[in-house]
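J.: Got a structure for you, questions after.
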Amino acid sequence: IIATSPSVVYEVLTARGGKLLIDNPAHLPNPSMLQEIREPIVKAYVLCPNENIGDILQLILEKRGQMEHTESLDTRRVMLHCELPLNEILVDFNDKIKSITRGYGSMDYEHAGYRPAKLVKLDLLVNGEPVDAFSTIVHKDRAEARGRQLAAKLKEVIPRQLYQVAIQAAIGGKIIARESVSALRKNVTAKCYGGDITRKRKLLEKQKEGKKRMKSIGKINIPQEAFIEVLKAQ
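In this note's numbering, the protein residues as written are 2 to 235.
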């Protein structure tokens, strides 16, 4: 079983006038073939205590939301009416509401159609190979920060190999962030007693060539936990 992001369906208008429905970032056409990407929008109704209004409003803005109006329910509670991109609320939005309000807040929402947005596909590459399960569609203004965040998170959770593992975040082929997992060190000269410098140098060169060969043909085994941690970071 491979963990994946919650599915969001985007409307994509192509440069040739066609329309596609994309629910997997890996299937998004090349940017040169795109005219416009539209994301699903929801009308959200957030119930919270009066004293938490400021923090909830800040959360809504962080999630690219737009406030419509507030509705006072009684002397202690208010209902916030707003619009939000569906992609921004699927993972942890409700959990954050619960945290801010100490469990007294809640949210409901309904779909409200599609809206054009400045969206791009963010890819994560491991040793130069894109990992489709890590691809995500993000707002252009936040893409670089998100790329750095995800690359750093992936560095934390990928097990070390016998060779260095390169982690890159890319948008449309442009590398925007890079991390690396250092190689496990193996002392190949441990059994070389005395001062035979020539033999030690040959062993180190042989180890270096072996690591190059493994890196060129090896596949990184990314554990399920790594997928889950990166999804949480998204």
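Glycine included, every Cβ here is placed at the ideal spot set by N, Cα and C. The model shown is predicted, which means the values in this text are computed figures rather than measured ones.
Expressed to the nearest angstrom, what Euclidean distance is found between the alpha-carbon atoms of valine 139 and lysine 64?
T.: Within the sequence shown, numbered from 1, the residue matching residue 139 stands at position 138. Within the sequence shown, numbered from 1, the residue matching residue 64 stands at position 63. Approximately 12 Å between the Cα atoms of the pair.
J.: Run through the stretch 14-77 for me and flag every whole alpha helix (DSSP H) of 4 or more residues, listed as ranges in chain order.
T.: The qualifying runs are 54-63.
J.: For isoleucine 38, which of Ile61, Val47, Val13 has the nearest alpha-carbon?
T.: Here residue 38 is taken as the residue at index 37 of the sequence shown, counted from 1. Nearest of Ile61, Val47, Val13 to isoleucine 38, Cα basis: Val13.
J.: My assumption, with CB atoms under 8 Å, is that arginine 149 sits in contact with alanine 178. Please give the rounded CB distance.
T.: Numbered from its first residue, the sequence shown carries residue 149 at position 148. Numbered from its first residue, the sequence shown carries residue 178 at position 177. 4 Å between Cβ atoms; contact.
J.: Could you spell out where the alpha helix (DSSP H) holding alanine 153 opens and where it closes?
T.: Along the sequence shown, one-based indexing puts residue 153 at 152. Note, alanine 153: alpha helix (DSSP H), 144-158.
J.: In the DSSP output, which residue or residues are listed as bridge partners for isoleucine 176?
T.: Mapped onto the sequence shown, residue 176 falls at position 175. In DSSP, isoleucine 176 forms a bridge with Ala171.
J.: Would you list the one or two residues that DSSP bridges to serine 107?
T.: In the sequence shown, counting from the first residue as 1, residue 107 sits at position 106. BP columns for serine 107 point to Leu48.
J.: Going by Cα to Cα distance, which pick from Leu125, Val182, Ser8, Gly19 is closest to valine 92?
T.: Stepping through the sequence shown from its first residue, residue 92 is reached at position 91. When only C-alpha atoms are compared, the closest one is Ser8.
J.: Count the C-beta pairs between the stretch 65-72 and the stretch 152-166 that are closer than 8 Å, then say yes if the count reaches three, no if not.
T.: Taking 8 Å as the limit for Cβ pairs, the verdict is that the stretch 152-166 does not touch the stretch 65-72.
J.: For alanine 134, name the three-state secondary structure that DSSP assigns.
T.: On the sequence shown, position 133 is the one that residue 134 refers to. Helix at alanine 134.
J.: Going by DSSP, name the residue or residues bridged to tyrosine 122.
T.: Residue mapping note: residue 122 aligns to position 121 of the sequence shown, counting from 1. As written in the sequence, residue 122 is lysine, which differs from the tyrosine given in the question. DSSP lists Ile138 as partners of lysine 122.
J.: Measuring alpha carbon to alpha carbon, tell me which residue in Leu74, Glu84, Tyr105, Lys122 is nearest isoleucine 61.
T.: Position 60 of the sequence shown holds residue 61. It is Glu84.
J.: To the nearest angstrom, report how far apart leucine 126 and isoleucine 168 are at their CA atoms.
T.: Position 125 of the sequence shown, counted from the first residue, corresponds to residue 126. Position 167 of the sequence shown, counted from the first residue, corresponds to residue 168. Rounded to whole angstroms, leucine 126 to isoleucine 168 spans 6 Å at the Cα level.
J.: Compare the Cα-Cα distances from glycine 18 to each of Met34, Asn25, Pro26, Leu29 and report the closest residue.
T.: By 1-based counting over the sequence shown, the position of residue 18 is 17. Among Met34, Asn25, Pro26, Leu29, the Cα nearest to that of glycine 18 is on Met34.
J.: Within this structure, are the beta carbons of leucine 81 and isoleucine 57 separated by less than 8 Å?
T.: Translated into positions along the sequence shown, residue 81 becomes position 80. Translated into positions along the sequence shown, residue 57 becomes position 56. Yes; because the gap between Cβ atoms is below 8 Å, this pair is in contact.
J.: Do the CB positions of serine 136 and alanine 27 come within less than 8 Å of each other?
T.: Translated into positions along the sequence shown, residue 136 becomes position 135. Translated into positions along the sequence shown, residue 27 becomes position 26. Their beta carbons are under 8 Å apart, which means serine 136 touches alanine 27 by this criterion.
J.: According to the Cβ coordinates, are alanine 45 and isoleucine 90 closer than 8 Å?
T.: Indexing the sequence shown from 1 puts residue 45 at position 44. Indexing the sequence shown from 1 puts residue 90 at position 89. A contact, by the Cβ cut-off of 8 Å.
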